[in-house]
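**Student:** Below is one structure. I have some questions about it.
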Amino acid sequence: MDRACDQCGALLWCSETRNFCCAKGKVKLPSRTVPQVLADLYLGRHRMSAEFLTNIRSYNSALHLTSLGAKLRLVPGWCPSFIISGQLHHNTAPLFAEDSAEPHGWQVYFNDRELESRQSLSQKVKPELLELLQTLLHECNGYVRSLRAVAHRISQDPELGDARIVIHPDRRPSGEHIRYVCKTF
1 MDRACDQCGA LLWCSETRNF CCAKGKVKLP SRTVPQVLAD LYLGRHRMSA EFLTNIRSYN
61 SALHLTSLGA KLRLVPGWCP SFIISGQLHH NTAPLFAEDS AEPHGWQVYF NDRELESRQS
121 LSQKVKPELL ELLQTLLHEC NGYVRSLRAV AHRISQDPEL GDARIVIHPD RRPSGEHIRY
181 VCKTF
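Numbering of the sequence shown is given in the UniProt record's numbering, commencing with residue 1 and proceeding in unit increments.
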């Protein structure tokens with residue numbers, strides 16, 4: 001990265017134009033605060049930073065809510081990258097796992113033994129760091145808070161046990177634009 005944008009401060013390569021980041025100052029996004037513990041883990045200021053950075057994909061896998069579905073084209077080389085061709089979708093599981101099944105994805109957030117379940121998903125994770133990251137998600141992630149509230153409500157009201165969330169693809173909320181899918185190669 002050779003230079004910074006005069007408007008937003010984004011770091012740019014020499015081949016990138018100033019339109020690339022903020023359209024010459026026309027686009028302004030509010031900056032979001034990163035939780036201090038997460039910043040410390042990323043920047044090497046936490047005693048478990050080395051563990052976190054070495055096994056970051058394992059922690060991400062242990063804490064994911066959904067899985068990604070797409071037609072991928074892998075990019076050769078050292079950098080773990082891929083190109084998505086066509087439609088991108090997220091695979092979600094039912095809110096609660098069946099009694100005989102091992103919980104996965106967001107189901108683990110509603111399991112009585114959620115931390116133990118997450119640890120069993122990956123052998124590379126350290127329980128102490130996993131618990132720290134999971135607590136951070138419970139505090140900072142709106143989706144986790146909402147899903148836990150729904151799970152609590154369902155557990156309190158047996159009649160809600162058969163409730164369903166339905167997405168109607170032909171209906172879109174007021175103010176939302178149409179999304180088009182284009183092939184990337």
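Positions of the beta carbon are idealized from the N, C-alpha and C atoms, including for glycine.
Could you have a look at R3 and say whether DSSP puts it in helix, strand or coil?
**Tutor:** Strand at R3.
**Student:** Under 7 Å between the Cβ atoms of L63 and L136?
**Tutor:** No; because the gap between Cβ atoms is not below 7 Å, this pair is not in contact.
**Student:** Excluding five sequence neighbours on each side, which residues of the same chain lie with their C-beta closer than 8 Å to the C-beta of residue 195?
**Tutor:** With the chain running from 1 to 185 in the structure shown, residue 195 is simply not present.
**Student:** Measuring only the C-alpha atoms, how far is S49 from Y143?
**Tutor:** Roughly 26 Å separates the two Cα atoms.
**Student:** Could you tell me whether the Cβ atoms of C21 and A39 are closer together than 7 Å?
**Tutor:** Not in contact: C21 and A39 (Cβ atoms no closer than 7 Å).
**Student:** Using 7 Å as the threshold, is the C-beta distance between N55 and K124 below it?
**Tutor:** Yes. Within cutoff.
**Student:** Does the Cβ-Cβ distance between E16 and K126 come in under 7 Å?
**Tutor:** No.
**Student:** When you compare each of P158, E128, D6 and V75 to K24 by their alpha carbons, which one comes out closest?
**Tutor:** The shortest Cα separation from K24 among P158, E128, D6 and V75 belongs to D6.
**Student:** Taking all protein chains shown into account, do 16 or more other C-beta atoms lie within 10 angstroms of the C-beta of L43, making it buried, or fewer, making it exposed?
**Tutor:** L43 comes out exposed.
**Student:** Would you identify the three-state DSSP class for L65, choosing helix, strand or coil?
**Tutor:** In this structure, L65 counts as coil in the three-state DSSP scheme.
**Student:** Measuring alpha carbon to alpha carbon, tell me which of R148, L53 and C8 ends up nearest L65.
**Tutor:** It is R148.
**Student:** Going by DSSP in three states, K132 sits in which element: helix, strand or coil?
**Tutor:** The sequence given here has Leu at residue 132, not Lys. In the structure shown, L132 sits in a helix (DSSP, three-state: H, G or I).
**Student:** Cα-Cα, which of L130, T33 and G77 is closest to S58?
**Tutor:** Minimum Cα distance to S58 is reached at L130.
**Student:** Looking at the strands, I want to know which residues DSSP matches up with L12.
**Tutor:** Looking at the DSSP assignment, L12 forms a beta bridge with R3.
**Student:** Taking the alpha-carbon positions, what's the S117 to Q156 distance?
**Tutor:** In this predicted model, S117 has a pLDDT of only 49, less than 50, meaning its place in the structure is not dependable; the value taken from the coordinates is given anyway. If I take the Cα positions, the gap works out to 23 Å.
**Student:** Look at the Cβ atom of P35, then the Cβ atom of C140, and state whether they are nearer than 7 Å.
**Tutor:** It is a contact, given that the beta carbons lie within the stated cut-off.
**Student:** Between H138 and R32, what straight-line distance do the alpha-carbon atoms span, to the nearest angstrom?
**Tutor:** Those two C-alpha atoms are separated by around 18 Å.
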